[in-house]
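Presented below is the structure to which this report refers.
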Amino acid sequence: DAKTTQPTSMDCAEGRAANLPCNHSTISGNEYVYWYRQIHSQGPQYIIHGLKNNETNEMASLIITEDRKSSTLILPHATLRDTAVYYCIDSINTDKLIFGTGTRLQVFP
Amino acid sequence: DSGVTQTPKHLITATGQRVTLRCSPRSGDLSVYWYQQSLDQGLQFLIQYYNGEERAKGNILERFSAQQFPDLHSELNLSSLELGDSALYFCASALDPYNSPLHFGNGTRLTVT
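As you go down the protein sequences, you meet chains A and H in turn.
In terms of our numbering, the first sequence opens at residue 1 and continues consecutively.
In terms of our numbering, the second sequence opens at residue 1001 and continues consecutively.
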């Protein structure tokens, strides 16, 4: 079973920032936070990962709270193509990454 | 394009049959992962190989087996197929099994009739 908790669904207007939360209530000190997304029936796509510090790449930003019990994925300017299911995962490495049910993000015009 | 190639894209077969799904990882990636995604189960981890050796196993049925060859491509064999095996099967590859991102192929859609 997935160790993380995410809202089932969220909406976001095109051009606005999408902030997707995740709770990591059982995360341990050496476990990373990973975010992936899956656009309908395509293979999941890696977005970003981090351990303690906030991270940013060309796709998104990852904010991890100081106690590491929650994280937020930020898509700064959402587009229609960002409509997807977003998964957060915490794991010590990439063995047996467990994808939960994720958050279905709908970006609307 | 993730660089991971899966063949075939679609496969339709009958119950009781055996099929082989093939995965070519991204150039340079040593780890290969197999996942199953059905409508009611979500993405389920099946098995992982690293440089030819099995590294991690999930809830893979005994009817299913896999291997990674010296050229690093991988095959997933599904036998004695049942209707419930109908699903999308994804392969992913990564540089190593530690914290390198997984890159997924576009899957093989298996339909068992």
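Heads up, the beta-carbon is just placed ideally off N, CA and C, and yes, glycines get one too.
From a predicted model like this one, the values you see are computed outputs, not experimental measurements.
Along the chain, where does the beta strand (DSSP E) containing residue i start, and where does it finish?
i, result
"Arg1022/H", "1019-1024"
"Leu1011/H", "1010-1013"
"Ala13/A", "9-13"
"Val1112/H", "1108-1112"
"Arg104/A", "103-108"
"Gln6/A", "Here Gln6/A belongs to no beta strand (DSSP E), and DSSP marks it neither H nor E."
"Thr1005/H", "1005-1007"
Using the beta-carbon of each residue, which ones in chain D are nearer than 8 Å to residue i?
i, result
"Ile98/A", "Among the protein chains of the structure shown, namely A and H, there is no chain D."
Should residue i be labelled buried (16 or more other beta-carbon atoms within 10 Å of its own) or exposed?
i, result
"Leu1110/H", "buried"
"Gln1036/H", "buried"
"His71/A", "The amino acid occupying residue 71/A in the given sequence is Ser; His does not appear at that position. Classification of Ser71/A: buried, given that the 10 Å Cβ count is 16 or more."
"Thr4/A", "buried"
"Leu1043/H", "buried"
"His77/A", "exposed"
"Leu1039/H", "exposed"
"Tyr46/A", "buried"
"Pro109/A", "exposed"
"Tyr1098/H", "exposed"
"His24/A", "buried"
"Gln1041/H", "exposed"
"Gly1028/H", "exposed"
"Asp1085/H", "buried"
Discussion item. Across the stretch 1073-1085 of chain H and the stretch 1013-1029 of chain H, are there enough close Cβ pairs to call them in contact, namely three or more that are closer than 8 Å?
Written reply: yes
Worksheet item: Given a limit of 9 Å on CB to CB distance, which residues of the stretch 64-77 of chain A reach chain H?
Response: none
Fill in: Interface positions of the stretch 1097-1112 of chain H facing chain A (Cβ-Cβ less than 9 Å), listed along the chain
Pro1097, Tyr1098, Asn1099, Ser1100, Pro1101, Leu1102, His1103, Phe1104, Gly1105, Asn1106, Gly1107, Arg1109
Practice prompt. Entirely within the stretch 1031-1089 of chain H and at least 3 residues each: give me those beta strand (DSSP E) ranges in chain order.
Written response: 1031-1038, 1042-1050, 1053-1057, 1064-1068, 1074-1078
Practice prompt. Residues of the stretch 1001-1020 of chain H with a CB closer than 9 Å to any CB of chain A: list them in chain order, please.
Written response: Going along the stretch 1001-1020 of chain H in chain order, one finds Ser1002, Val1004, Gln1006 with a Cβ nearer than 9 Å to chain A.
Discussion item. By the 9 Å beta-carbon criterion, what residues does the stretch 1058-1084 of chain H contribute toward chain A?
Written reply: Gly1058
Worksheet entry | In chain order, each beta strand (DSSP E) run of at least 3 residues that lies wholly inside the stretch 18-90 of chain A | Qualifying beta strand (DSSP E) stretches, in chain order: 18-23, 32-38, 45-50, 61-64, 70-75.
Worksheet entry | Stretch-stretch touch, CB-based, cutoff 8 Å, three pairs: the stretch 1003-1010 of chain H with the stretch 85-93 of chain A | no
Discussion item. I'd like to know if the stretch 57-74 of chain A and the stretch 7-14 of chain A are in contact, where contact means that at least 3 CB-CB pairs between them fall below 8 Å.
Written reply: Flag = no, the stretch 57-74 of chain A and the stretch 7-14 of chain A do not touch.
Discussion item. Does the contact criterion of 3 or more C-beta pairs under 8 Å hold for the stretch 1099-1109 of chain H versus the stretch 34-45 of chain A?
Written reply: yes
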